[in-house]
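Comments concern the structure below.
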Amino acid sequence: MTAAQTTSSTTSEPEVLLEVSDSGVATLTLNRPKRKNGLNKAMVDQAIAALETIWGDDRCRVVVLTGAGTSFCSGMDLSERILPDEMTFMRRVGHLCTVIHDLPLPVISKVRGGAVGYGANLALCADLVVASDTAVFGEIFAERGLSIDGGGSWLVPRLVGLGRAKEIMFLAARVSGPEAAEMCLVNRCVPDADLDGFVDDWSARLADGPRRALSVIKQQLNASFERSFADAIESEAVGQALSFRSKESREGAKAFFEKRVPDFRSC
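Residue numbering for the sequence shown follows my numbering, starting at 3 and increasing by one per position.
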C-alpha cells in the first residue's frame, strides 16, 4: 500500500485521509474521531479534493468510504459556525454527495457505529453500503427541526420505497445495521469483526473488474429512474456497441474460451 496521501490542511491532523493501494483500492477516511467524524467546512473541502484526486488517478479502480474510530459520521458538527453562510455551505456539502454519485468508479461505504443525519445519507450516496451490526443510521432531521440533506430525499425512497421513507423521515428513525439490511436500505450487514474483511473482498473483486464497463453500468443504473424504457434500451445499445469494441470485451471473450479468469488489468 502506498503511503497515505492527504490534502493540505492548516491543522496538524488532516480532516480526511486518502490511501491508494497497489491494487487500485482508494480508501477515503473521514478523520475527526474525537468529534465522531462530525462534518465541518475543512472536512468537506478536503473530501471533495480527495475525490477529485481519485477521479484523475488512473491507478484507482474502486473507492472505499469510511470513518476513523468508532463512528462513520455524526452529521454536521453544530459546535462550529456554518461558513460562509447556510446556503453556500449546503450547496458545498451537496456537491460532495454529487461527486460520489457521479464518480466513474464503484464506491463502497463501510459503516460502523453512528451514521447520523447528513452522515447517514453520505453513506447511502455510495453504490454499495456494507454496515457493521454496530451501525445505526439516524435520519434525525425532523427531531432537530430540520429538513433533509445529503441527497436523502432522492436516495431513501429509491432504496426502501416512498411509504417506508416517509416513516423513517417523519419519525426521525434510528435504523440499526440489521434492520437497514432487512429493509434494503443497505446492501449487507455483517458482524463488526467481519466488516473489514468483507469490504476488502468486495473491493478486491471490483478492483480486478472491467474498469470501463463498470463505469458505464454505474451511469446507466443511476439514470434508470429518470429514463423511459425506450431511453434505457437506446442507452444500452450505445453502451454495448462501444463495449464490444473495447479491449475489456476482447479479454472477457478470450478468457471465456480459454476457461480462465479474465485479466482486465491488462486492458
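Where is the CB? At the ideal position from N, CA and C, for every residue including glycine. In this text the structure is predicted, and so the values were computed from the model without any measurement.
Close-in-space but distant-in-sequence residues of the same chain around residue i (CB under 6 Å, 5 per side omitted)
i, result
"Val-188", "Val-131, Ala-133 and Ala-182"
"Ala-28", "Val-22, Ile-56, Cys-62 and Val-65"
Residue i to residue j span [Cα, whole Å]
i, j, result
"Ser-251", "Gly-40", "43 Å"
"Arg-34", "Ser-73", "10 Å"
"Ile-142", "Ile-150", "9 Å"
"Thr-100", "Leu-164", "22 Å"
"Gly-71", "Leu-157", "26 Å"
"Ala-234", "Lys-220", "13 Å"
"Trp-226", "Arg-146", "One point to set straight first is that residue 226 is Ser, not Trp, in the sequence displayed. Near 33 Å, if we compare the C-alpha coordinates of Arg-146 and Ser-226."
"Ala-44", "Glu-17", "7 Å"
"Glu-253", "Leu-67", "30 Å"
"Arg-267", "Pro-212", "8 Å"
"Thr-8", "Phe-231", "Confidence is the limiting factor: at Thr-8 the pLDDT is only 44, short of 50, which leaves the residue's position unreliable and the question unanswerable from this model."
"Glu-260", "Asp-202", "28 Å"
"Cys-191", "Leu-223", "23 Å"
"Leu-85", "Thr-136", "32 Å"
Chain-order list of residues whose beta-carbon lies under 8 Å from that of residue i (same chain, five-residue window excluded)
i, result
"Ala-6", "Residue confidence is low: Ala-6 scores 43 on pLDDT, short of 50, so the model does not pin down where it sits. No coordinate-derived value is stated."
"Val-162", "Ile-170, Met-185, Cys-186 and Leu-187"
"Ala-144", "Met-171, Phe-172, Leu-173 and Ala-174"
N-terminal and C-terminal residue of the beta strand (DSSP E) that residue i is part of
i, result
"Cys-191", "190–192"
"Ile-110", "109–113"
"Ala-133", "130–134"
"Leu-1", "There is simply no residue 1 to check, as the chain begins at 3 and stops at 269 in what is shown."
"Ala-117", "116–118"
"Gly-302", "No answer is possible for residue 302: the residues shown for the chain start at 3 and end at 269."
Residue i - containing alpha helix (DSSP H), residue span
i, result
"Thr-31", "Here Thr-31 belongs to no alpha helix (DSSP H); instead the beta strand (DSSP E) covers 27–32."
"Glu-250", "249–259"
"Gly-154", "154–162"
"Phe-266", "From DSSP, Phe-266 is part of no alpha helix (DSSP H); its letter is neither H nor E."
"Thr-72", "From DSSP, Thr-72 is part of no alpha helix (DSSP H); its letter is neither H nor E."
"Ser-245", "231–246"
"Arg-213", "213–224"
"Arg-94", "88–104"
"Asp-47", "43–57"
"Pro-180", "179–184"
Residues near residue i by beta carbon distance below 7 Å, same chain, minus five either side
i, result
"Met-3", "The predicted position of Met-3 is uncertain, since its pLDDT is 40 and thus under 50; a value taken from the coordinates is nonetheless stated next. Glu-21, Ser-23 and Asp-24."
Under 7 Å between C-beta atoms of residue i and residue j
i, j, result
"Leu-98", "Ile-50", "yes"
"Pro-106", "Ser-217", "yes"
"Val-46", "Val-95", "yes"
"Arg-37", "Asp-79", "yes"
"Gly-140", "Val-118", "yes"
"Ala-128", "Ser-111", "yes"
Residue i CB to nearest heavy atom of the ligand MG below 6 Å
i, result
"Gly-254", "Within the structure as shown, the ligand MG is missing, as the structure has no ligands at all."
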